[in-house]
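In what follows, a single structure is set out as structure tokens and then discussed.
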Amino acid sequence: MRNLSLVKSLFHLKEEQQHSDEVLLASIGLSFTRGALAEIAGDASSGKISLSLTLLAKLTRAGEICALVDATNSFDPCSAETAGVALENLLWVRCGGDIEKAFMAADLLVQAKGFGAIWLNLSGLSKPLLRYVPKTYWYRFRNRIKETPTLFLVTAETAVVGPASQQSFLFSRERAVWSGRGRFKLLREFQLSFHSKKEFQGRPARTRAEFVYAGDV
Amino acid sequence: MSRAYACIISDDAKRDEQILLAVAGEFSYAVQRMDDGVLFDIRGLEKLVGGPKEIARRIVAKLKENDLECRVAVADTTETAVLLARENRSTDRAAFPSDIGHLPLDDLEIDGDALGVLYDLGIGSVRDLLQIPREDLVRRYGQEIAKVLDVVTRKKARPLAPNVRETSAAWKYDLDFPVDDFEQLIFVVNRGLDNLLGHAAHDALSTEQLDITFKLRDKTEKKYEIKTSFPTLEKNFWLKLINLRIALAPPESEIMSVRVVAHFTRPRPDQRGLYAVSRPEPESLLLTLNKIRKLVGEENVGVPVLVDERSARPFSLDPEAMPKGKERIEVRSEHSVVALSYFEPPVAADVWIKDNRLSFLKTQHFGGRVVEYSGVWRAGSMWWDKRWSLEEWDVEVENHGVYRLAKTESEWLITGEYD
Chain G
182 MRNLSLVKSL
192 FHLKEEQQHS
202 DEVLLASIGL
212 SFTRGALAEI
222 AGDASSGKIS
232 LSLTLLAKLT
242 RAGEICALVD
252 ATNSFDPCSA
262 ETAGVALENL
272 LWVRCGGDIE
282 KAFMAADLLV
292 QAKGFGAIWL
302 NLSGLSKPLL
312 RYVPKTYWYR
322 FRNRIKETPT
332 LFLVTAETAV
342 VGPASQQSFL
352 FSRERAVWSG
362 RGRFKLLREF
372 QLSFHSKKEF
382 QGRPARTRAE
392 FVYAGDV
Chain E
720 MSRAYACIIS
730 DDAKRDEQIL
740 LAVAGEFSYA
750 VQRMDDGVLF
760 DIRGLEKLVG
770 GPKEIARRIV
780 AKLKENDLEC
790 RVAVADTTET
800 AVLLARENRS
810 TDRAAFPSDI
820 GHLPLDDLEI
830 DGDALGVLYD
840 LGIGSVRDLL
850 QIPREDLVRR
860 YGQEIAKVLD
870 VVTRKKARPL
880 APNVRETSAA
890 WKYDLDFPVD
900 DFEQLIFVVN
910 RGLDNLLGHA
920 AHDALSTEQL
930 DITFKLRDKT
940 EKKYEIKTSF
950 PTLEKNFWLK
960 LINLRIALAP
970 PESEIMSVRV
980 VAHFTRPRPD
990 QRGLYAVSRP
1000 EPESLLLTLN
1010 KIRKLVGEEN
1020 VGVPVLVDER
1030 SARPFSLDPE
1040 AMPKGKERIE
1050 VRSEHSVVAL
1060 SYFEPPVAAD
1070 VWIKDNRLSF
1080 LKTQHFGGRV
1090 VEYSGVWRAG
1100 SMWWDKRWSL
1110 EEWDVEVENH
1120 GVYRLAKTES
1130 EWLITGEYD
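Line order of the protein sequences matches chains G and E.
Under my numbering, the first residue of the first sequence is numbered 182, with each subsequent residue one higher.
Under my numbering, the first residue of the second sequence is numbered 720, with each subsequent residue one higher.
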């Protein structure tokens, strides 16, 4: 029996080591839960893409395979590389503005199981178009990824997932910081604030995203 | 014939290797390649060909057909067959165990001193050696002589160790009636895959490439090379993959016959590390990729790659590549970086300039006063046919975002948004 208890504890150790339940972004003070839907919404230049890339960087550098469903072909691999994303571990699906294809591709990825994260980027699609997305899609995704290591992340200009998401954050840009004077200015950073739409009493938190020029790398 | 082996020895086995293997392959599936020839199992041929003498005659005839002067022997143990073939002086006639008594002791692996003593005693051939009681010889010369006696008396022998395996196998099916939709043939291909994958599994091999060739009604052929980056024997996976690939580029005419070739390779190790992160199973990932390719087009699914060239967008999508899932071991502090998000297509803009400064910007979606901007950043190249030139600014628009504004020869464009 003593041997059996040893095997049991080692078994649990293996399960724990394969993936933690949460992905913690310590620099921002956010954590995302695996096996659930998370949503980041925000207007133009609110830092939602920066945050998503930070998350992808963390996962892909650890050797996890992540997928990006790029609804409007807006993804810039150069920015992703600068943010630290291991591009060789990223699957990029371009949907050319076709929202239906984007959702079907996301559905296929969810069915494949085992991805570290699936990022459905709906930025660039108009708000009226996003309102047409049936809520059942989100519940379908939620049920599919339940109890898998996959984190399903949705970014859009407006919150679209609704109650199906476990976490929903609204990002906004407080200011853009520029350095230099007169005509010789450089964009330096975005000062951002965000708050969870799931915690009504919570206060907005602050973070920043730096602008990196080729010479800074 | 309970056990029977044939051995062919060549003076230049390297030069004759392919022919020797082909000849051996005509008589047996179990072939062992040696430094100076081939050894193969001929059990079970007595009903098809005849007794050992007839088999040996046919082997010699086959070698003559191929203009090879080789020595052949047939015996019921592997080592005896090899010994007889090596010592056979004739290339026209095979050696048999009955010939072993005539062999001089020099041909056996007997220690030099022992050999000298045996010759001094007048023992010069195997027949003479076998007259001496085995126990006396073993007591005097040790276990080494016991091994030699085992070979010549055919009591013990090492088993054949086949080391020549097929690298591919083919399966073909001619249809009674032409079929225009491949999906109707799935059950036929299913049977073929059963054969081919069973063949690979029997040899402890796997496959990572299947070639499918259709003979079409218009007398042409359509060939599909279906490769994976990993070997697998999962039949359902192969069927789905074949179906997806053929659906992407279906044959132009009706199908008259199907030929499937499986290329064999070593099976993949299945053991993962204790601390390995979770990732999709390769079969599942490849199938998903193919389904998405069918949905959005082959050129729109893949791995992003940075391109080392001076262009407006120095990156591409590699549709052939699959995500590797390789860990990067390097220390890097976690921080967010402002990312560019492209507008596809770029958005046309009207720009107002006041006192040589950008002052106002308007597009069909938004507009506003330019609060801050940096630039102009001039970029371009004269690279052969890819000539391009741009003037760019980073622009913050009041109550809106920060954008990348570009001026071409004729118009202003918003090419992306910093987000």
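Built from N, CA and C at the ideal position, the CB exists for glycine as well.
Best match in the options for proximity to residue i [C-alpha to C-alpha]
| i | options | result |
| --- | --- | --- |
| D257(G) | K1010(E), Q751(E), L929(E) and L1059(E) | L1059(E) |
| R352(G) | S374(G), P344(G), R362(G) and S346(G) | One point to set straight first is that residue 352(G) is Phe, not Arg, in the sequence displayed. Taking only the C-alpha atoms, the option nearest F352(G) is S374(G). |
| K379(G) | S349(G), V291(G) and E355(G) | S349(G) |
| D730(E) | P1038(E), N807(E), D1113(E) and V1020(E) | N807(E) |
| S976(E) | W957(E), F949(E), T939(E) and L840(E) | T939(E) |
| K316(G) | S346(G), V250(G), A293(G) and W359(G) | S346(G) |
| E281(G) | R312(G), A267(G), E262(G) and G297(G) | R312(G) |
| H821(E) | I774(E), A1125(E), K1043(E) and G843(E) | G843(E) |
| D930(E) | K1045(E), S1030(E), T947(E) and P1033(E) | T947(E) |
| D818(E) | T1007(E), L802(E) and Y892(E) | L802(E) |
| G911(E) | A888(E), T984(E), V1090(E) and S997(E) | A888(E) |
| D754(E) | F956(E), F1034(E), I727(E) and E765(E) | I727(E) |
| A232(G) | V1056(E), R1106(E), L1006(E) and F906(E) | A quick correction: the sequence has Leu, not Ala, at residue 232(G). Considering only alpha carbons, the answer is V1056(E). |
Exposure label - residue i; buried when at least 16 CB within 10 Å
| i | result |
| --- | --- |
| N302(G) | buried |
| R275(G) | buried |
| L205(G) | exposed |
| F759(E) | buried |
| A723(E) | buried |
| Q751(E) | buried |
| F901(E) | buried |
| E196(G) | Here E196(G) scores only 45 on pLDDT, less than 50, and its place in the model is too uncertain to base an answer on. |
| R846(E) | exposed |
| S925(E) | buried |
| L1077(E) | buried |
| S721(E) | exposed |
| Y394(G) | exposed |
| A741(E) | exposed |
| Y1061(E) | buried |
| V1026(E) | exposed |
Bridge-paired residues (DSSP) for residue i
| i | result |
| --- | --- |
| K946(E) | Q928(E) |
| E940(E) | K934(E) |
| C726(E) | L758(E) and A792(E) |
| A1098(E) | L1109(E) |
| E1126(E) | Sequence inspection shows Lys at residue 1126(E); the Glu mentioned does not correspond to that position. The partner list for K1126(E) (beta bridge, DSSP) reads E1110(E) and W1131(E). |
| S377(G) | F350(G) |
| P1023(E) | L1036(E) |
| G223(G) | F352(G) |
| Y313(G) | According to DSSP, Y313(G) bridges with nothing at all. |
| E1115(E) | E1091(E) and V1121(E) |
| S360(G) | L367(G) |
Amino acids of chain G, ordered along the chain, whose beta-carbon sits closer than 9 Å to that of residue i
| i | result |
| --- | --- |
| K1043(E) | G244, I246, A267, E269 and N270 |
| E1091(E) | A357, W359, K366 and L368 |
| R1051(E) | A238, R242 and G265 |
| I761(E) | None at all; the shortest Cβ gap to chain G is about 50 Å. |
Residues that residue i contacts on chain E, provided the C-beta gap is smaller than 8 Å
| i | result |
| --- | --- |
| I209(G) | S1055 |
| F322(G) | Within 8 Å Cβ-Cβ: nothing; F322(G) doesn't reach chain E, min ~15 Å. |
| F213(G) | Correct list: empty, because the minimum Cβ distance to chain E is about 14 Å. |
| F371(G) | V1057, V1121 and Y1137 |
Within chain G, partners of residue i - CB distance below 8 Å
| i | result |
| --- | --- |
| T1007(E) | L289, L290, Q292 and A293 |
| R1029(E) | Chain G residues near R1029(E): none, gap ~12 Å exceeds 8 Å. |
| P999(E) | I246, A293, K294, G295 and F296 |
| K733(E) | Neighbours of K733(E) on chain G: none; closest Cβ ~42 Å, over 8 Å. |
| I1011(E) | V274, A286, L289 and L290 |
Beta-carbon neighbours of residue i, restricted to chain E and to distances below 7 Å
| i | result |
| --- | --- |
| K282(G) | L1014 and V1015 |
| A390(G) | S1055, V1056 and V1057 |
Chain G residues whose Cβ lies nearer than 7 Å to that of residue i
| i | result |
| --- | --- |
| G1021(E) | W273 |
| L960(E) | Those do not exist, as L960(E) stays about 14 Å from chain G at its closest Cβ, beyond 7 Å. |
| S1047(E) | Just to set this straight, residue 1047(E) is Arg in the shown sequence, not Ser. Under the 7 Å cutoff, chain G gives R242 and A267. |
| I1133(E) | Within 7 Å Cβ-Cβ: nothing; I1133(E) doesn't reach chain G, min ~11 Å. |
| F1034(E) | P258 and C259 |
Residues that residue i contacts on chain E, provided the C-beta gap is smaller than 9 Å
| i | result |
| --- | --- |
| S304(G) | S1060, E1136 and D1138 |
- request: Could you name the residues of the segment 220-243 of chain G whose beta carbon sits closer than 9 Å to any beta carbon of chain E, in the order they occur along the chain?
  value: G223, D224, A225, S226, S227, G228, K229, I230, S231, L232, S233, L234, T235, A238, K239, L240, T241, R242 and A243
Contact set between the segment 1056-1076 of chain E and chain G, restricted to residues whose Cβ is under 8 Å from the partner: V1056, V1057, A1058, L1059, S1060, Y1061, F1062, E1063 and R1076
message: What are the residues in the segment 313-344 of chain G lying within 7 Å of chain E by C-beta distance?
response: P330
- request: Give, in chain order, every residue of the segment 1096-1123 of chain E whose Cβ lies closer than 9 Å to some Cβ of chain G.
  value: D1113, E1115, V1116, H1119, G1120, V1121 and Y1122
query: Quick one, which residues of the segment 859-878 of chain E are near chain G if we go by CB-CB under 7 Å, in chain order?
result: none
field: Interface residues of the segment 250-262 of chain G facing chain E [CB-CB below 8 Å]
entry: T253, N254, S255, F256, D257, P258, C259, S260, A261 and E262
task: Give, in chain order, every residue of the segment 968-984 of chain E whose Cβ lies closer than 9 Å to some Cβ of chain G.
output: none
message: By the 7 Å beta-carbon criterion, what residues does the segment 947-959 of chain E contribute toward chain G?
response: none
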